[in-house]
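At position 21 of the sequence shown (counting the first as 1) the number is 21 in UniProt numbering, and the numbers step up by one without a gap. As structure tokens, the structure follows; a few thoughts come after it.
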Amino acid sequence: MTGTAAIVAVGDEVLAGRVTDRNGAWLVGRLAGAGVRVVSRVMVADDPAAVAAAVTWARTQAELVITTGGLGRTHDDCTVAGVARALGRAVLHREPSAGDPWPEVAFAVVAGAELWPNPAGLAPGQRVTAGDTMVVLLPGPPAELQALAEAALLPWLRESGNPGIVRVTYTCYDLAESEAARLLAPLAAGQHPRIGLYARPGRLEITLESPADPERPGRVPLAIRRLEGWLHGVCPQPLLPLGAEERPGWIVAQLIARRLRVAALESLTGGMVMAALVGVPGASAALVGGAVTYTDTAKAEMGVPVQILREFGAVSEACARAMAEVARARWNVDFGLATTGYAGPTGGDPGHPVGTVFVGCAGPAGVVVHRLQLHGDREAVREGATDAVLALLQAALAADGTPAGEDMEL
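What follows is the structure, encoded as structure tokens:
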């Protein structure tokens, strides 16, 4: 049984930041579903010595070491050589053979490795048993890595008897990380569920993690359910299920399932709310339209009453409420969203400093507007406002249906 893993990303371009390591984040999530917790992720250059040092260290941290990248046939693809050096193995060179699943390509192999065919490319994956640890070599292109992991790595892990790991995330607004740490201190020493805190602009994400129940692998474990109830009782602010990354997907799925539609008027977010929803496949079935109304003139042209703009200003509860109502009426949808505020670094006034944000959601049950005081740079405030208005829509949907996180699938 393999319970922990370490990931070694190989590549000068990844190390230099020219390419984002999308593979690592994807693997963390998929491995959790197979019962494997990632305890470390490192990046190294295209250098056999650096790869060997990283793999040697990773083997002291975890039972499973996964390398990503560096399996091609160019001069800088050196992962096989580095892994072989770390394990004290030879490097074998396989020539094309009609009997192989890969008859048209030559490649290097760590001696003793089991080869996994690559469903989306040429370079096969490799699995090497080395004492108490296992080393798996996966290709770098995300499409190839994901296809190979789904076809070989994850089935192998599940066959090894690992229970899944269930992770549930809550978002809490206006709760400082230090205050959350104080509230959760009585539980910090416990092993299950594991509790994690992640501070985002204007909000805090609390993650609960526990092994899946072998008898009910697709359900949230009772240990997490009990802790959720405790959290709702001690946290001074409401908790919303799901983190920022998961929220748009859940919203779109709920809208489609219920045949509901949404539109938005955005000011400081400048289209980020719509972009978050459009990024979900199938969003066209629920997302009707929207507009960026950055100036007072644009807001008035879309239907926000001029009197509200003159009396209360664009950054106000009244304006956010009107924008949400206009969005709902103009596009004839079930939910209208609105964002307005001061993203900075300039602007604001004594009563509305930079970071003041109003978000609104108009729906069948009425209009809800929240005022937030977000911190950070301009982009942090805009990101916080985007997630805040989506959280309002999530809350409206959850109030009229199955709460997010219920019967969560792994």
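Don't be surprised by glycine CBs; every beta carbon is placed ideally from N, CA and C. No experiment lies behind these values; they were computed from the predicted model shown.
As summarised for the stretch 307-360, the continuous alpha helix (DSSP H) elements at least 4 residues long and confined to that stretch are 317-330, given in chain order. For Thr-79, the closest of Gly-88, Asp-47, Glu-63 and Ala-58 by C-alpha to C-alpha distance is Asp-47. Judged by pairs of C-beta atoms under 8 Å, the stretch 368-381 does not touch the stretch 299-310, as fewer than three such pairs exist.
Fewer than three pairs of CB atoms, one per stretch, sit closer than 8 Å, so the stretch 155-172 makes no contact with the stretch 346-356.
Nearest to Cys-319 by C-alpha distance, out of Gly-72, Thr-293 and Gln-373, is Thr-293. At the C-beta level, Leu-154 and Gly-125 stay beyond 8 Å of one another. Contact between Leu-87 and Ala-130 is confirmed by a C-beta separation of about 5 Å, below the 8 Å threshold. With respect to the C-alpha of Asn-332, the residue from Ala-120, Gly-363, Tyr-342 and Ala-343 having the closest C-alpha is Gly-363. Going by C-alpha positions, Val-42 is about 41 Å away from Val-262. By the Cβ test, the stretch 106-120 is in contact with the stretch 89-96, since at least three Cβ pairs between them sit closer than 8 Å.
It is roughly 59 Å from the alpha-carbon of Asn-118 to the alpha-carbon of Gly-313.
Shown here, Ser-40 sits in a strand according to DSSP, grouped into three states. Taking 8 Å as the cut-off, the Cβ atoms of Val-39 and Ala-6 count as close. DSSP, reduced to helix, strand and coil, places Glu-266 within a strand of the structure shown. As summarised for the stretch 229-261, the continuous beta strand (DSSP E) elements at least 3 residues long and confined to that stretch are 239-241, given in chain order. Note that the C-beta distance between Val-28 and Val-51 is not below 8 Å. Exclusion of the five residues before and after Leu-145 leaves Asn-23, Thr-68, Leu-138 and Pro-139 as the residues of its chain whose Cβ lies within less than 7 Å of its Cβ. Membership of Val-10 in any alpha helix (DSSP H) is not indicated; the residue belongs instead to the beta strand (DSSP E) covering 4-10. Asp-334 counts as buried, since no fewer than 16 other beta carbons sit within 10 angstroms of its beta carbon. Excluding its 5 nearest sequence neighbours in each direction, Gly-344 has C-beta neighbours in its own chain below 8 Å: Val-354, Gly-355, Asp-377, Arg-378 and Val-381, listed in chain order. Cβ neighbours of Arg-328 within its own chain (closer than 8 Å, five residues either side excluded): Ala-263, Asp-334, Phe-335, Gly-336, Ala-362 and Gly-363.
Under the DSSP assignment, Ser-178 falls in the alpha helix (DSSP H) whose first and last residues are 177-184. Contact check for Ala-338 against Val-368 fails: the beta carbons are separated by 8 Å or more. Put simply, of Leu-231, Gly-11 and Leu-222 the residue whose alpha carbon is nearest the alpha carbon of Thr-207 is Leu-231.
For Leu-392, the CB contacts under 8 Å within the same chain, skipping 5 residues up- and downstream, are Leu-337, Val-359, Gly-360, Cys-361, Val-368 and His-370 in chain order. In the three-state reduction of the DSSP assignment, Val-28 falls in the helix class.
Remark: C-beta atoms of Leu-287 and Val-273 do not approach each other more closely than 8 Å.
According to DSSP, Trp-116 shares a beta bridge with Gly-125. Taking Gly-196 as the centre and dropping the five residues before and after it, the same chain places the C-beta of Thr-207 closer than 6 Å to its C-beta, in chain order. Looking from the CA of Arg-85, the closest CA among Val-109, Ala-62 and Pro-141 belongs to Val-109. In this model, Thr-74 and Asp-21 are separated by some 20 Å (Cα to Cα). Cys-172 has Leu-204 and Leu-239 as its beta-bridge partners, per DSSP. The C-beta of Arg-321 has 16 or more other C-beta atoms within 10 Å across all chains shown, which makes the residue buried.
One Cα belongs to Arg-225, the other to Val-234, and the distance between them is close to 15 Å. Nearest neighbour of Val-136 by Cα position, chosen from Ala-152, Asp-349 and Ala-398, turns out to be Ala-152.
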